[in-house]
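Read in order, the letters of the sequence shown correspond to residues 0 to 299 in numbering that gives the first Met the number 0.
Notes follow once the structure below has been shown.
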Amino acid sequence: MLASFYKGKHHSLWIVSFFVLLSLLLAACGSGSDTTTGGSTSKPAIAAPTDLLTAGTLTVGSDTTYPPQEFPDAKNPGTYTGFDVDLITALATKMGLKTQIVKSDFTTIITSLTNKRFDVVISAVTINDDRKKVVDFVPYFSAGESLLVQKGNPKSLKSTADLCGLDVGVQNGTVEQTDLGLANDACKKAGKPAIKLTILQDQTAVVQLLSTNRVVATFQDSPVTDYYNKLNPGQFEVGGSVIGAAQQGIVVRKGDTSMFNAVQAAFKAAQTDGTYKKMIDKWGLSTGSIALADRRSVYA
């Protein structure tokens, strides 16, 4: 039919009228919300914080070497994936914000937050009394610690008390490193040889120590143990049971009420509408899920 409009000049009025009408129809069709990654032009469900480092963006610090919480996305070089990344992106979207993940060293990540290098931190950060003195937390997950050992557990390792005199790998700056230090003290007090620790910056590199038999075990958060065990069927297994279960939190600068309230409200909304459960299920982390009714899930 369009071809008939171009057969003679006397049809030019029809042509103009047609395209004016078409433009109006297209404009009407495009009048809905326009969504982008991590943000939306529609009115956000949660009011955004008033003190963002970059307007319209939630800048997030994360040590992106800790699967399944956060790690490089092999399908999209230069970007990151994982449970933590999915969750913080969803929370930002509820505030009408985009998300920028800033790779950071775990040992300095809280200091970088307090120095305003980013707005918040999400990086499987275990909540403890020392950290609560300098930052605030919105808990979103519960994890313990566990040992990853070779298949068959040739050393019969069940807990950190069994590690005296053995080579063990751990990531630098983690709670597990601290706990291995305490276990080491216990070994010495009992007259046993010290634990021989290999401490690395990257959790994947820590597990590589085990795969190449340079250590007999690695010690990390229980979901990380489960993840590497799943990735390497028939090679590893869990040594003993999960110990020291504790909550992990999204980290906010101490006293940053605007940021804290927005993140807390967005997390509760994600729990209520099923977003949180979908992400828990996606990454197979059901044992670490925090229930909506758990009122202990706020630390400030």
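C-beta atoms are modelled at their ideal positions from N, C-alpha and C, and glycine is treated no differently.
Spanning the alpha carbons of Thr211 and Tyr226 requires a straight line of approximately 18 angstroms. Here DSSP, grouped into helix, strand and coil, assigns Gly180 to helix. Look at Leu147 here: in three-state DSSP terms it is strand. A Cβ-Cβ distance of about 5 angstroms is found for the pair Asp50 and Ser257, placing them in contact under the 8 angstroms criterion. By the criterion of at least three beta-carbon pairs nearer than 8 angstroms, the segment 150-165 is in contact with the segment 175-186.
In the three-state reduction of the DSSP assignment, Ala142 falls in the strand class, which pools E and B.
By the neighbour-count definition (other C-beta atoms within 10 Å, threshold 16), Gly238 is a buried residue. In chain order, Cys163 and Gly164 place their CB closer than 8 angstroms to the CB of Lys191, counting only its own chain and leaving out the 5 sequence neighbours on each side. Separation of the CB atoms of Leu57 and Leu96 is rounded to 5 angstroms, and the pair is thereby assigned contact status at 8 angstroms.
Close CB contacts of Tyr65 within its chain, under the 6 angstroms cut and outside five residues either way in sequence, are with Ala123 and Gln202 (chain order). Nearest to Phe259 by C-alpha distance, out of Leu156, Ser103, Met94 and Phe105, is Met94. For the pair Leu156 and Pro232, the Cα-to-Cα distance works out to about 19 angstroms.
When DSSP states are grouped into helix, strand and coil, Ile242 belongs to the strand group. Gln202 carries a helical assignment under DSSP once its states are collapsed to helix, strand and coil. Take the alpha-carbon of Pro71 and the one of Thr197: they are about 24 angstroms apart. Proximity to Pro76 across Lys115, Lys154 and Thr63 peaks at Thr63, based on C-alpha coordinates.
Counting along the chain, Asp128 sits inside the alpha helix (DSSP H) bounded by residues Asp128 to Lys131.
Ranked by Cα distance from Val262, the options Ser61, Phe82 and Val120 are led by Val120. Gln170 sits buried, since 16 or more C-beta atoms from the chains shown fall within 10 Å of its C-beta. Bridge partners of Val137 according to DSSP: Ile249. Looking at the DSSP output, Ser155 shares a beta bridge with no other residue. In the DSSP assignment, Ala216 falls outside any alpha helix (DSSP H) and within the unbroken beta strand (DSSP E) covering Ala216 to Asp220.
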